[in-house]
Every structure is written in structure tokens, then in C-alpha cells.
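Here the sequence shown stands for residues 7 to 97, numbered as in our numbering.
Backbone N, C-alpha and C define an ideal beta-carbon position, used for all residues, glycine too.
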Amino acid sequence: MPNWMVEFLYVVLMSKRCVFAFLLGIILFFLISAYGHHAMENFQLQGVFKGIEDVIRDKFLRRYDKLALGALIACWILAIKFYIKDRKRFL
Numbered sequence: 007m008p009n010w011m012v013e014f015l016y017v018v019l020m021s022k023r024c025v026f027a028f029l030l031g032i033i034l035f036f037l038i039s040a041y042g043h044h045a046m047e048n049f050q051l052q053g054v055f056k057g058i059e060d061v062i063r064d065k066f067l068r069r070y071d072k073l074a075l076g077a078l079i080a081c082w083i084l085a086i087k088f089y090i091k092d093r094k095r096f097l
């Protein structure tokens with residue numbers, strides 16, 4: 007195994023903050039996506055607005071997806087920052 011890979015694995019496995027931020031991003035991504043689909047599952051409009059129901063549902067689902075992706079990216083950036091700090095501390 008190359009030396010840089012051993013160093014990377016050592017720092018990641020020793021850094022609880024890095025692992026926690028990485029896993030938190032994944033968990034938040036799935037939770038926010040699941041909540042968005044659950045919230046829009048029973049979305050119905052009445053009367054004249056029945057025709058734009060699908061358009062509004064899709065727009066809200068895209069917003070939930072963007073929020074989930076933003077949370078994932080933010081947590082992964084935080085994990086990278088923790089990795090850099092812990093690499094300086096451990097090595």
C-alpha cells in the first residue's frame with residue numbers, strides 16, 4: 007500500500023470529528039430527501055389549481071433535493087477541514 011494511503015487512512019481513522027462529519031452529511035442527505043418526499047406525498051390542490059399540482063410538487067421536491075445536497079456538501083467540507091487540522095496534529 008502506498009505511503010500516502012496509509013497516512014490518509016491513519017488520520018481519518020484516528021479523527022473522530024472527521025468520521026462524524028462525513029457520516030452526518032450522508033445521514034442528513036437521506037433524512038432531508040425522505041422528509042421532502044414524505045411531506046409532498048399527500049399534497050393536493052382543489053378546484054382551478056388542480057392542473058398545477060404536479061408542477062408545484064416537483065418544484066418543492068427540487069428544493070428539498072437542493073437542501074439535502076447542500077447539507078451533504080457542507081458536512082463533507084467540514085470533514086475535509088477536520089482532516090487537515092487533524093493531519094497537522096497527528097503527523
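- Taking 8 Å as the upper bound for CB-CB distance, Phe35 and Ala77 are in contact here, some 6 Å apart.
- Under the three-state reduction of DSSP output, Glu13 falls in the helix class.
- Rounded to whole angstroms, the separation of the alpha carbons of Gly42 and Lys94 is 39 Å.
- Cβ contact annotation for Asp92 (same chain, cutoff 8 Å, sequence separation greater than five): Val17, Met20, Ser21, Arg23, Cys24, in chain order.
- Its chain contains Tyr70, Leu73, Ala74, Ala77 as the residues whose beta carbon lies nearer than 8 Å to that of Ile38, once the 5 sequence neighbours on both sides are disregarded; these appear in chain order.
- The C-alpha of Ile33 is placed about 12 Å away from the C-alpha of Trp82.
- For Ser21, no alpha helix (DSSP H) run applies, since DSSP gives it neither H nor E.
- Sequence-distant partners of Phe49 (beyond 5 residues in either direction) whose C-beta falls short of 6 Å from its own C-beta, in its chain, are Arg63.
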